[in-house]
Each structure stands twice: as structure tokens, then as C-alpha cells.
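Colleague: Residue numbers (this note's numbering): 972 to 1135.
Ideal placement from N, C-alpha and C gives every residue a C-beta, glycine not left out.
None of these values were measured; they are calculated from a predicted model.
After the C-alpha cells below, expect a handful of questions from me.
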Ligand code: PNS
């Protein structure tokens, strides 16, 4: 099966310019990208999966080649359900490599027909991570250069609500 659809999975808590860049560049290769928001059980999240889906849908509003969805359970099961055999992941620095390699091995073991394709993050985005964004925002710093203005606004609102 040759896939024209790639699944781009992640926590997206929150979505960053780095994520958006991978989607844009991925569309140069694939006809359609499904951004698949997962609940990452090992990470403490700021936004609920529903809120992340809503944010991403707003960011890619009007794009017929981008779908935003939410999944639970195994990623390979979700990919099969969506009739895709490609998992797209962004790689920033060498620090990402081990984690990504482990995940791709696990996915390959579970479903040998599904390929993980890595795309190197553009260097201007290599320092951006959702975790760092949350930390900076929590301490009142600006995340303007790392996220879309809508995401920045939503983070601020969320932190304000949490501080109540
Ligand atoms: O943005 P993240 O947190 O690095 O994304 C990690 C994610 C969601 C892609 C990964 O945790 C995942 O695929 N979760 C679904 C469960 C699964 O399939 N696990 C087996 C492969 S490790």
C-alpha cells in the first residue's frame, strides 16, 4: 500500500511553530496530513486533548489537506483505521533521537507495514519545545516567537484561569 496520507501524531500541548512547519513541509510530500492528538500518559498536560484539537483546527482552518483528530490507544491501530502507512515525526536535536528511535522500533514491531518518516526541524525552530513554552509562559515570559498568536493568547487565558 502506498500512502498519500501521513499521520502526524503528538501531544501538541501546545502546538508550536515547529509543529506547524512540519505540517507545511510534510504537505510537500504527502497529499494529506492527519494531525493526530494523543493523550501522552507520561506528560502532565496544560490543555485537554479536546482543547488541543480545537486549537489545531483553528490554526489550519480552511485547509482541506489537513485533518485534525484525536486518538486513544495505539498509534499504529489508529493509522490502520485511517488507511495510512506513514507516521510523520519531526526531529530537532540529537536529544530527540533515542526517544524517536525507540518509538519507531516499537511501532515497527507492532505493525511492520507502517513506516515512520522523520523530517528534520528547520534550525530556526530547533530550540522550540512545548514543555519549554509552558515553563516560560508559566513564569510570565514571552513565547511570541515560538507559537502562533492564537496559541499565545490561549496559553495566557489558561494560566489565568488556573491561577484563580
Ligand atoms: O508529542 P509527543 O508527546 O512526543 O508524542 C508522543 C506520541 C503521542 C506520538 C506517542 O506517545 C504515541 O504514539 N502514543 C500512542 C500510544 C502508542 O502507540 N505507543 C506505542 C509507541 S511508543
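What are the partner residues of residue 979, as DSSP defines its beta bridges?
Modeller: Taking the chain shown and counting its residues from 1, the one referred to as residue 979 is at position 8. Looking at the DSSP assignment, residue 979 forms a beta bridge with 1006.
Colleague: If you scan the region 993–1067 from start to end, which runs of the alpha helix (DSSP H) of 4 or more residues do you find wholly inside it?
Modeller: Taking only runs of at least 4 residues, the alpha helix (DSSP H) segments lying wholly in the region 993–1067 are 1020–1030, 1046–1052.
Colleague: Output the distance between the C-alpha atoms of residue 994 and residue 1073, rounded to the nearest integer angstrom.
Modeller: Numbered from its first residue, the chain shown carries residue 994 at position 23. Numbered from its first residue, the chain shown carries residue 1073 at position 102. The straight-line gap from Cα to Cα measures roughly 22 Å.
Colleague: Can you tell me where the beta strand (DSSP E) holding residue 1086 begins and where it ends?
Modeller: To locate residue 1086, count along the chain shown from 1; it is residue 115. From DSSP, the beta strand (DSSP E) with residue 1086 extends over 1086–1091.
Colleague: If you reduce the DSSP assignment to three classes, tell me which class residue 1110 lands in.
Modeller: Locating residue 1110 in the chain shown gives position 139, counting from the first residue. Three-state result, residue 1110: coil.
Colleague: Taking 6 Å as the cut-off, is the CB of residue 1009 close to at least one heavy atom of the ligand PNS?
Modeller: Indexing the chain shown from 1 puts residue 1009 at position 38. Yes, Cβ of residue 1009 sits closer than 6 Å to a heavy atom of the ligand PNS.
Colleague: By Cβ distance, which residues of its chain are closer than 6 Å to residue 1075, with the 5 residues on each side in sequence left out?
Modeller: The residue given as residue 1075 occupies position 104 in the chain shown. Hits under 6 Å: 1087.
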